[in-house]
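Have a look at the structure below, then the notes.
Protein chains in written order, with my numbering: chain A, 47 to 284; chain B, 602 to 840.
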């Protein structure tokens with residue numbers, strides 16, 4: 047066999063090899079992956095039939111279908127408990143979207159009131175209950191954050207979420223810093239009461255100046271908040 | 602006849618008040634209509650994890666549960682979708698959610714997954730395409746956690762971390778039962794000291810939650826606060 051005779055099949059073979067390899071690479075990216083995720087058998091990297099690996103997650107035949115409607119919601123601690131004066135309003139609050147709370151009107155059964163105005167009424171009533179009738183009238187004025195009653199109740203109702211800082215320490219209240227998260231150990235009800243009853247310098251209704259309303263005098267007791275994930279203590283047993 | 606009707610009405614409303622009061626007293630945070638139901642959220646915590654670039658989200662449910670049979674019989678409702686809602690733009694609409702839902706003895710987690718504008722709000726579907734992990738539900742004696750995915754996951758009974766003199770607060774609400782306010786430290790009682798709750802805990806890398814917006818407090822007179830997500834929890838029942 048002459049060298050010339052060998053050239054033709056060699057060149058053809060080489061060309062074919064290049065073409066096939068290109069086609070394979072193309073197929074791998076565009077076609078094969080989709081085919082294996084819908085072929086009704088467990089293959090490739092799949093951990094179940096047509097799921098797991100490069101395909102979608104495996105639901106193991108479980109049914110999660112349907113529509114789910116909000117019945118309860120919670121952002122900051124104790125907002126509904128402290129500021130919604132009755133069951134109907136607490137329920138309305140739980141059924142409302144967070145972004146609607148300052149504009150939602152009418153609240154069912156509440157005429158044209160919005161949640162900030164409901165909260166203002168609650169706050170004013172607390173002050174009326176604890177007003178010493180022999181002393182000049184006390185009004186909210188401002189809290190330790192410098193917020194007057196309008197700004198404060200709008201803040202409570204319209205931005206009712208935990209503000210959570212991804213950078214730096216997280217706490218409900220630590221020193222001069224408020225609202226960067228909520229740790230298990232934070233005494234959030236004392237903080238809530240301080241904002242409600244403490245007045246501009248935090249001493250109003252402190253038990254010396256009138257009744258003691260700015261702290262419930264309860265701390266975390268014998269709880270252990272220094273645990274690794276899941277951070278909460280094991281359940282108590284008899 | 603008229604008098605009899607009146608008596609019924611009076612006893613009916615008295616009974617209503619009593620029931621309302623009992624429900625109120627037994628619930629940690631929420632309104633009467635959800636108290637003692639499987640959608641009842643007791644509390645919500647969010648803090649920096651052991652890895653500082655992670656956030657821990659904790660929701661407690663159905664609390665407070667008495668020690669013993671009440672805790673033993675409590676369970677997550679497979680008809681109730683538990684959601685952490687994360688607003689990363691500052692409009693208090695959920696841009697990202699993490700969902701948890703029980704099937705048999707396993708809690709399945711979906712997300713963090715982006716919720717587009719038309720699907721934000723009070724009605725939701727389970728984001729099945731975003732299944733991100735699962736964990737065996739812990740029991741009184743056995744702790745199960747999952748670290749198989751980017752998330753660390755837990756679901757099960759725990760001691761209630763919340764502390765408050767709730768009974769005293771309830772009696773203070775109208776100012777007449779406790780005109781002097783809260784008790785002294787010696788007399789104050791932590792209503793939750795001997796209670797459990799059902800808890801769901803997720804530890805999530807912050808970069809899965811998007812970029813935090815300006816702190817919401819800056820619109821309400823607060824200054825020098827770091828950027829912060831707005832996060833709340835919700836429970837949604839299957840219709």
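We treat Cβ as the ideally placed atom computed from N, Cα and C, and that holds for glycine.
Chain-ordered neighbours of residue i on chain B, where CB pairs are closer than 8 Å
i: residue 129 of chain A; result: Per Cβ cutoff of 8 Å: no residues; residue 129 of chain A is ~11 Å from chain B at best.
i: residue 164 of chain A; result: Going along chain B, no residue has its Cβ under 8 Å from residue 164 of chain A, so there is no contact; the nearest lies around 13 Å.
i: residue 149 of chain A; result: What residue 149 of chain A touches in chain B: nothing, since even the nearest Cβ is about 11 Å away.
Helix, strand or coil at residue i according to DSSP, with G and I counted as helix
i: residue 158 of chain A; result: coil
i: residue 621 of chain B; result: Low confidence applies here, because residue 621 of chain B scores a pLDDT of 40, under 50, leaving its location unreliable and the question unanswered by this model.
i: residue 118 of chain A; result: strand
i: residue 769 of chain B; result: helix
i: residue 848 of chain B; result: Given that chain B is displayed from residue 602 to residue 840, the structure contains no residue 848 of chain B and the question cannot be resolved.
i: residue 271 of chain A; result: coil
i: residue 627 of chain B; result: Caution is warranted here: a pLDDT of 37 is assigned to residue 627 of chain B, below 50, making its placement in the model unreliable, and the coordinate value is therefore given only provisionally. Residue 627 of chain B: helix per DSSP, three-state reduction.
i: residue 71 of chain A; result: Any reading at residue 71 of chain A must be qualified, since the residue scores a pLDDT of 41, below 50, and its modelled position is unreliable; the value itself is stated next. Helix at residue 71 of chain A.
i: residue 203 of chain A; result: helix
i: residue 79 of chain A; result: Below a pLDDT of 50, predicted positions are generally treated as unreliable, and residue 79 of chain A, at 45, falls in that range; no measurement from the model is reported.
i: residue 729 of chain B; result: helix
i: residue 691 of chain B; result: coil
i: residue 843 of chain B; result: As displayed, chain B neither begins before 602 nor continues past 840, which places residue 843 of chain B out of reach and without an answer.
i: residue 819 of chain B; result: helix
i: residue 125 of chain A; result: helix
i: residue 826 of chain B; result: coil
i: residue 251 of chain A; result: coil
i: residue 744 of chain B; result: coil
Nearest candidate by alpha-carbon position, reference residue i, set the options
i: residue 691 of chain B; options: A/266, A/206, A/251 and A/258; result: A/206
i: residue 865 of chain B; options: A/201, A/249 and A/178; result: In the structure as shown, chain B starts at 602 and stops at 840, and residue 865 of chain B therefore has no counterpart that could be examined.
i: residue 710 of chain B; options: B/696, B/717 and B/700; result: B/700
i: residue 271 of chain A; options: B/638, B/641, B/650 and B/640; result: B/650
i: residue 263 of chain A; options: B/636, B/788, B/760 and B/743; result: B/788
i: residue 844 of chain B; options: A/212, A/181 and A/109; result: Any answer about residue 844 of chain B is impossible in this case: the structure gives chain B only from 602 up to 840.
i: residue 93 of chain A; options: A/104, A/259, A/178 and A/85; result: A/104
i: residue 834 of chain B; options: A/121, A/86 and A/84; result: A/121
i: residue 110 of chain A; options: B/796, B/769 and B/729; result: B/729
i: residue 243 of chain A; options: A/265, A/233, A/116 and A/256; result: A/256
i: residue 721 of chain B; options: A/144, A/175, A/107 and A/177; result: A/144
i: residue 731 of chain B; options: B/724, B/738, B/723 and B/716; result: B/716
i: residue 286 of chain A; options: B/828, B/771 and B/718; result: The first residue shown for chain A is 47 and the last is 284, placing residue 286 of chain A beyond what the model contains.
i: residue 218 of chain A; options: A/87, A/91, A/86 and A/123; result: A/123
i: residue 807 of chain B; options: B/778, B/821 and B/697; result: B/697
i: residue 786 of chain B; options: B/765, B/643, B/804 and B/774; result: B/765
i: residue 781 of chain B; options: A/171, A/258 and A/168; result: A/258
i: residue 813 of chain B; options: A/226, A/231 and A/190; result: A/226
i: residue 670 of chain B; options: B/638, B/746 and B/741; result: B/741
i: residue 237 of chain A; options: A/190, A/135, A/147 and A/215; result: A/190
i: residue 824 of chain B; options: A/216, A/116 and A/224; result: A/224
Cross-chain neighbours of residue i in chain B, by beta carbon under 7 Å
i: residue 99 of chain A; result: Here the premise fails: no neighbours, minimum Cβ distance about 14 Å.
i: residue 266 of chain A; result: 764
i: residue 118 of chain A; result: 631, 635, 640, 641, 642, 835 and 836
i: residue 281 of chain A; result: 672, 741, 758, 759, 760 and 797
Cross-chain neighbours of residue i in chain A, by beta carbon under 7 Å
i: residue 784 of chain B; result: 263
i: residue 678 of chain B; result: Under the 7 Å cutoff, chain A gives no residues; its nearest Cβ is about 11 Å from residue 678 of chain B.
i: residue 722 of chain B; result: 143
Neighbour-count burial assignment, residue i, 16 or more Cβ in a 10 Å radius
i: residue 830 of chain B; result: buried
i: residue 695 of chain B; result: buried
i: residue 187 of chain A; result: exposed
i: residue 756 of chain B; result: buried
i: residue 743 of chain B; result: exposed
i: residue 815 of chain B; result: exposed
i: residue 68 of chain A; result: Note on residue 68 of chain A: pLDDT 39, under 50, position unreliable in the model; no value is reported.
i: residue 636 of chain B; result: buried
i: residue 738 of chain B; result: buried
i: residue 87 of chain A; result: exposed
i: residue 185 of chain A; result: exposed
i: residue 724 of chain B; result: exposed
i: residue 106 of chain A; result: exposed
i: residue 84 of chain A; result: exposed
i: residue 182 of chain A; result: exposed
i: residue 203 of chain A; result: buried
Under 9 Å by beta carbon: chain A residues contacting residue i
i: residue 726 of chain B; result: 110, 111, 112, 113 and 114
i: residue 781 of chain B; result: 253, 257 and 258
i: residue 668 of chain B; result: 281, 282, 283 and 284
i: residue 816 of chain B; result: 209, 211, 225 and 226
i: residue 713 of chain B; result: Going along chain A, no residue has its Cβ under 9 Å from residue 713 of chain B, so there is no contact; the nearest lies around 13 Å.
i: residue 804 of chain B; result: 275, 276 and 277
i: residue 826 of chain B; result: 209, 211, 223, 224, 225 and 226
Residue i: CB within 7 Å of a non-hydrogen atom of the ligand GTP
i: residue 236 of chain A; result: The ligand GTP is absent from the structure shown, which contains no ligand whatsoever.
Under 9 Å from the C-beta of residue i: neighbouring residues of chain B
i: residue 220 of chain A; result: Simply none; closest approach about 11 Å.
Self-check item: alpha helix (DSSP H) runs wholly inside the segment 218-249 of chain A, at least 4 long, in chain order
Solution: Fully enclosed alpha helix (DSSP H) runs of 4 or longer: 234-243.
Quiz item: Where are the alpha helix (DSSP H) runs, 4 residues long or more, that stay fully inside the segment 634-672 of chain B, in chain order?
Solution: Residue ranges of uninterrupted alpha helix (DSSP H) with 4 or more members are absent from the segment 634-672 of chain B; none lies entirely inside it.
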